[in-house]
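Novice: I'd like to ask some things about the structure below.
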Amino acid sequence: MTDMSNSGDPATPTIKSPVARFIHATELDTRLLGMLGALALIWIGFHVYGAVVNGFGAFLTPRNLWNLSVQTSSIGIMACGMVLVIVTRHIDLSVGSVLGFCAIIMGVTQVWLLPQLVGLEHWSIWIIAVIVGLITGTLVGAFHGYLIAYHSIPAFIVTLGGLLAWRGAGFLVARGETISPVDSTFRLLGGTADGAIGATGSWIVGLVGVVAVVASVILGRRQRITHGFGLRPVWADWFIALVGSATMIGAVLLVNSYYWPRGIVRRYAAENNITIPQEGLFISYGFAIPVLILLAVGIIMTLVMSRTRFGRYVYAIGGNPEAAALAGINTKWMTVKIFALMGFLAGLSAAVASARLGSATNALGTLDELYVIAAAVIGGTSLAGGVGTIYGAILGAVVMQSLQTGMVLIGFDAAIQQIVVGSVLVLAVYLDNLYRRTSK
Amino acid sequence: MSTSKTIDRSGTPLVDMRDICISFGGVHAVDHVSVDLYPGEVVGLLGHNGAGKSTLIKILSGAYAMDSGEIYVDGENATINNPRDARSYNIETIYQTLALADNLDAASNLFLGRELVSPLGFVNDDAMEAETRKIMARLNPNFKKFKDPVSALSGGQRQSVAIARAVYFNARILIMDEPTAALGPHETQMVSELITQLKAEGIGIFLISHDIHDVMELCDRASVMKNGKLVGTVDVDDVSDDDLLGMIILGKQPGEA
Numbered sequence: 041m042t043d044m045s046n047s048g049d050p051a052t053p054t055i056k057s058p059v060a061r062f063i064h065a066t067e068l069d070t071r072l073l074g075m076l077g078a079l080a081l082i083w084i085g086f087h088v089y090g091a092v093v094n095g096f097g098a099f100l101t102p103r104n105l106w107n108l109s110v111q112t113s114s115i116g117i118m119a120c121g122m123v124l125v126i127v128t129r130h131i132d133l134s135v136g137s138v139l140g141f142c143a144i145i146m147g148v149t150q151v152w153l154l155p156q157l158v159g160l161e162h163w164s165i166w167i168i169a170v171i172v173g174l175i176t177g178t179l180v181g182a183f184h185g186y187l188i189a190y191h192s193i194p195a196f197i198v199t200l201g202g203l204l205a206w207r208g209a210g211f212l213v214a215r216g217e218t219i220s221p222v223d224s225t226f227r228l229l230g231g232t233a234d235g236a237i238g239a240t241g242s243w244i245v246g247l248v249g250v251v252a253v254v255a256s257v258i259l260g261r262r263q264r265i266t267h268g269f270g271l272r273p274v275w276a277d278w279f280i281a282l283v284g285s286a287t288m289i290g291a292v293l294l295v296n297s298y299y300w301p302r303g304i305v306r307r308y309a310a311e312n313n314i315t316i317p318q319e320g321l322f323i324s325y326g327f328a329i330p331v332l333i334l335l336a337v338g339i340i341m342t343l344v345m346s347r348t349r350f351g352r353y354v355y356a357i358g359g360n361p362e363a364a365a366l367a368g369i370n371t372k373w374m375t376v377k378i379f380a381l382m383g384f385l386a387g388l389s390a391a392v393a394s395a396r397l398g399s400a401t402n403a404l405g406t407l408d409e410l411y412v413i414a415a416a417v418i419g420g421t422s423l424a425g426g427v428g429t430i431y432g433a434i435l436g437a438v439v440m441q442s443l444q445t446g447m448v449l450i451g452f453d454a455a456i457q458q459i460v461v462g463s464v465l466v467l468a469v470y471l472d473n474l475y476r477r478t479s480k
Numbered sequence: 004m005s006t007s008k009t010i011d012r013s014g015t016p017l018v019d020m021r022d023i024c025i026s027f028g029g030v031h032a033v034d035h036v037s038v039d040l041y042p043g044e045v046v047g048l049l050g051h052n053g054a055g056k057s058t059l060i061k062i063l064s065g066a067y068a069m070d071s072g073e074i075y076v077d078g079e080n081a082t083i084n085n086p087r088d089a090r091s092y093n094i095e096t097i098y099q100t101l102a103l104a105d106n107l108d109a110a111s112n113l114f115l116g117r118e119l120v121s122p123l124g125f126v127n128d129d130a131m132e133a134e135t136r137k138i139m140a141r142l143n144p145n146f147k148k149f150k151d152p153v154s155a156l157s158g159g160q161r162q163s164v165a166i167a168r169a170v171y172f173n174a175r176i177l178i179m180d181e182p183t184a185a186l187g188p189h190e191t192q193m194v195s196e197l198i199t200q201l202k203a204e205g206i207g208i209f210l211i212s213h214d215i216h217d218v219m220e221l222c223d224r225a226s227v228m229k230n231g232k233l234v235g236t237v238d239v240d241d242v243s244d245d246d247l248l249g250m251i252i253l254g255k256q257p258g259e260a
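Line by line, the protein sequences give chains A and B. The numbering used here numbers the first residue of the first sequence as 41 and each following residue consecutively. The numbering used here numbers the first residue of the second sequence as 4 and each following residue consecutively.
What follows is the structure, encoded as structure tokens:
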């Protein structure tokens, strides 16, 4: 009988230090803890630097963190797809250009075509535009995957070609013009004052999150009992449930303490015939819609990767493509599906990015491929294949965006920003190699 | 062992591969080869590296598509275009390379391509681990590393995962490609016992081996290949080690000068 998860395992070394015992009992991923630690260091570092050098720590403010969350969304959504691509030992250099192309297609659909058919600002415009954009991205990705899988052209070449070709295609379709203004409902996807769900909505999201965390801990425990597997100590389960819930509530408190600027409040009050009280009217932003999109993508993709056959096959192909094929997995068709999914997510990112900008320009998404790949790799996705997680990639995107935002806030110029971001990418992979070697 | 009981070959063979040909870029890797296998029988496939034995067997397991020839399973013409087809005929293979995804744990490898899913269609890792624990208790009671990726396992443990995968799904036809090549004496003994046990259950086994002693001990018949062609199939009780060596090295029939 096993009474604790790995206690019967002769290979597990005897654990002595309280930290090691804690990590063992909670079964937390030490890599994840390391990344959270690095992120905390970056955040606090920028804040303290700002406070000391500029006299004002601007980083750890609701305003900055809210903006950070919105800016992370577009890269984060694509990083989720890039994990699958890199895990299966491929690469996609075209995502930035595909994003630009999808944005142009959506712009043309909603600004040039649809208003003539259904009228300006019709309710259906944003829905049709988004669907058209998603289909475009999916088809482009599937086409890349088809060339890679069925014609044995390396992904590096196919998507390098795509990097140039789709940027050019976007330019041709838009005739080089900036397409604006986009539909006003569509704009909400970008996360503006209106494109956030407010205080009440955020509380609902947060409480749903708390219920989900607690439920997953309880269900997980029950599953283990059913199958007679070892259990985590009760205190460890409690700890996870508590920390998970506290994070949710903390996030809600944070986004709810960022209020609309006075100008927008005044306009809103005027439009709705509200008199602004003496002490001022405070309207919370709450979670931005693009952040919720990223969260939804992250949750769905995590489920896909850990709980579906498709996800299992992605890892199997990455671990040993030949073994996967011998196990009856159609690896070529899988490749098409993976790249199609990447394209779909690039299309979704295009909606977020162009909505945020309020227009579709040909330059949208330039250099995004590098940030997306960097996010996935910093998040622990191994270029050798077989290893990578969705939450890691999202955290990687947050790290990348934090560095960028932080350097802007403390007034580093663009040249130094590039040097730092580039160096961090290389350093992150180096540290990851060290970690893997020592943990073996 | 095999000598104690004669195989009844009066009925329909379990597998009958007839006149199989496959070539790669003009090289006839397998050239008009016919082999068959009866229930409860172990047929050894012998030959040098490159003789075509692994290629022949990969046609049966669905990894390669043959150029011409016919495969009959239980007397019925079988269409095997991919590994999935082979599995549908209860043909299971233990590859020399083991064909494991190193980054996945034992249960994920065991069920790769045939995952147990919940009613909602999600993979049921707990159920798969429970099943893996059951079969491992039978095959290799010392096996404890159910949570680790198989890259963390020893050669013998990895081998037992590969064997468990073939045995779990009720193979009727088992292909073993050099199953003991990477194993120590104790584990080799374990595999031998397993083969004897499976044989007693009526499973037919193709055993690819370099080791003539293995073949003499475990097999009922031996088919020898050389340069893609079948030299001959002999009853191991009728031949000596030297006869088999002569077939492998010189490609001559036993008794030939």
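All residues carry an ideal CB built from backbone N, CA and C; glycine is no exception.
Which chain B residues are close to Ile314/A, counting only those with a beta carbon under 7 angstroms from its beta carbon?
Specialist: The premise fails here: Ile314/A is roughly 47 angstroms from chain B at the closest Cβ pair, so nothing lies under 7 angstroms.
Novice: Run through the DSSP bridge pairs and tell me what Cys24/B is partnered with.
Specialist: BP columns for Cys24/B point to Ser71/B.
Novice: Is there contact here, the stretch 354-367 of chain A with the stretch 173-181 of chain A, by at least three beta-carbon pairs under 8 angstroms?
Specialist: With a cut-off of 8 angstroms, the stretch 173-181 of chain A and the stretch 354-367 of chain A do not count as touching, because too few Cβ pairs lie within range.
Novice: Strictly below 9 angstroms CB to CB, what residues from chain A border Asn306/B?
Specialist: Only positions 4 to 260 of chain B appear in the structure, and residue 306/B is not among them; the question remains open.
Novice: Please classify Lys147/B: does DSSP put it in a helix, a strand, or coil?
Specialist: Here Lys147/B sits in coil by DSSP.
Novice: Flag this pair as yes or no: are the beta carbons of His118/A and Ala455/A separated by less than 8 angstroms?
Specialist: Before going further, note that residue 118/A is Met rather than His in the sequence given. Taking 8 angstroms as the Cβ cut-off, Met118/A and Ala455/A do not qualify as a contacting pair.
Novice: From the beta carbon of Leu277/B, is the nearest beta carbon of chain A less than 8 angstroms away?
Specialist: The structure shown has nothing for residue 277/B, since chain B only spans 4 to 260.
Novice: Among Gly235/B, Pro122/B and Val153/B, which residue has its Cα nearest to the Cα of Leu107/B?
Specialist: Taking only the C-alpha atoms, the option nearest Leu107/B is Val153/B.
Novice: Tell whether a beta-carbon distance below 8 angstroms holds between Leu381/A and Ala414/A.
Specialist: Not a contact, by the Cβ cut-off of 8 angstroms.
Novice: Would you grab the beta carbon distance between Ile144/A and Val213/A for me? Rounded to a whole angstrom, and I think it's under 8 angstroms.
Specialist: The Cβ separation is near 5 angstroms, so the contact holds.
Novice: Between Val412/A and Ala155/B, what straight-line distance do the alpha-carbon atoms span, to the nearest angstrom?
Specialist: In a straight line, the C-alpha of Val412/A is about 31 angstroms away from that of Ala155/B.
Novice: Any beta carbon from chain A within less than 8 angstroms of Met250/B's own beta carbon?
Specialist: Output row for Met250/B: interface = no.
Novice: Starting from the C-beta of Leu33/A, find all residues in its chain whose C-beta is less than 8 angstroms away, skip the five residues before and the five after it, and write them out in chain order.
Specialist: Nothing can be reported for residue 33/A: it is not among the residues displayed for chain A, which extend from 41 to 480.
Novice: When the distance is taken between beta carbons, is Ser324/A closer than 8 angstroms to Tyr299/A?
Specialist: For Tyr299/A and Ser324/A, yes; Cβs fall inside 8 angstroms.
Novice: Output, in sequence order along the chain, the residues in the stretch 421-437 of chain A whose CB is closer than 7 angstroms to any CB in chain B.
Specialist: Result list: Gly426 and Val427.
Novice: Alpha carbon to alpha carbon, how far is Ala416/A from Asp245/B? Give it in angstroms, no decimals.
Specialist: Distance between the alpha carbons of Asp245/B and Ala416/A is about 60 angstroms.
Novice: In angstroms with no decimal places, state the Cα-to-Cα distance between His64/A and Val253/A.
Specialist: So the two alpha carbons sit approximately 20 angstroms from each other.
Novice: For Ile271/B, which residues in the same chain have their Cβ closer than 6 angstroms to its Cβ, ignoring the five residues on either side in sequence?
Specialist: Nothing can be reported for residue 271/B, as the shown portion of chain B is limited to 4 through 260.
Novice: Is DSSP giving Arg29/A helix, strand or coil here?
Specialist: Absent from the structure is residue 29/A, since the part of chain A shown begins at 41 and ends at 480.
Novice: Alpha carbon to alpha carbon, how far is Leu471/A from Phe86/A?
Specialist: Cα to Cα, Leu471/A sits roughly 21 angstroms from Phe86/A.
Novice: Count the other CB atoms within 10 Å of the CB of Thr240/A; is the residue buried (16 or more) or exposed (fewer)?
Specialist: By the 10 Å Cβ count, Thr240/A comes out exposed.
Novice: Hey, is Glu362/A's beta-carbon within less than 8 angstroms of any beta-carbon in chain B?
Specialist: It does; some Cβ of chain B falls within 8 angstroms.
Novice: May I ask you to report which of helix, strand or coil DSSP gives Val427/A?
Specialist: Coil.
Novice: Name, in chain order, the residues that DSSP records as bridge partners for Thr375/A.
Specialist: DSSP output for Thr375/A lists no bridge partner at all.
Novice: Apart from the five residues just before and just after Phe99/A, which ones in its own chain have a Cβ nearer than 7 angstroms to its Cβ?
Specialist: Trp83, Phe86, His87, Gly90, Gly446 and Leu449, listed in sequence order.
Novice: Classify Thr135/B: buried if its beta carbon has 16 or more other beta carbons within 10 angstroms, exposed otherwise.
Specialist: Buried, since its Cβ has 16 or more Cβ neighbours within 10 Å.
Novice: For Ser111/B and Arg161/B, I'd like the C-alpha separation in whole angstroms.
Specialist: Whole-angstrom Cα-Cα distance: 13 angstroms.
Novice: Any beta carbon from chain A within less than 8 angstroms of Ala140/B's own beta carbon?
Specialist: Not one chain A Cβ lies under 8 angstroms of Ala140/B.
Novice: Report yes if the C-beta distance between Ser57/A and Ser220/A is below 8 angstroms; otherwise report no.
Specialist: No, Cβ-Cβ distance for Ser57/A and Ser220/A is not below 8 angstroms.
Novice: In three-state terms, what does DSSP make of Leu467/A?
Specialist: If DSSP states are grouped into helix, strand and coil, Leu467/A belongs with the helices.
Novice: Phe209/B bridges to which residues according to DSSP?
Specialist: Beta-bridge pairing links Phe209/B to Val46/B and Ile178/B.
Novice: Identify every residue that forms a DSSP beta bridge with Gly235/B.
Specialist: DSSP output for Gly235/B lists Val227/B as bridge partner(s).
Novice: Just to confirm, is the Cβ distance from Ala336/A to Arg227/A under 8 angstroms?
Specialist: In this structure, Arg227/A does not lie closer than 8 angstroms to Ala336/A by Cβ.
Novice: How far does the beta strand (DSSP E) with Ile94/B in it reach, from first residue to last?
Specialist: Element bounds for Ile94/B: Ile94 to Ile97.
Novice: How would you call Tyr190/A, buried or exposed, if buried means at least 16 neighbouring beta carbons within 10 angstroms?
Specialist: Counting Cβ neighbours within 10 Å, Tyr190/A comes out exposed, since fewer than 16 surround it.
Novice: Sorted by chain position, which residues of the same chain lie with C-beta nearer than 8 angstroms to Leu210/B's C-beta, five sequence neighbours on each side aside?
Specialist: If we look at Leu210/B and ignore the five residues flanking it on each side, its Cβ neighbours are Val45, Val46, Gly47, Leu48, Met179, Pro182, Ile198, Asp217, Val218, Leu221 and Cys222.
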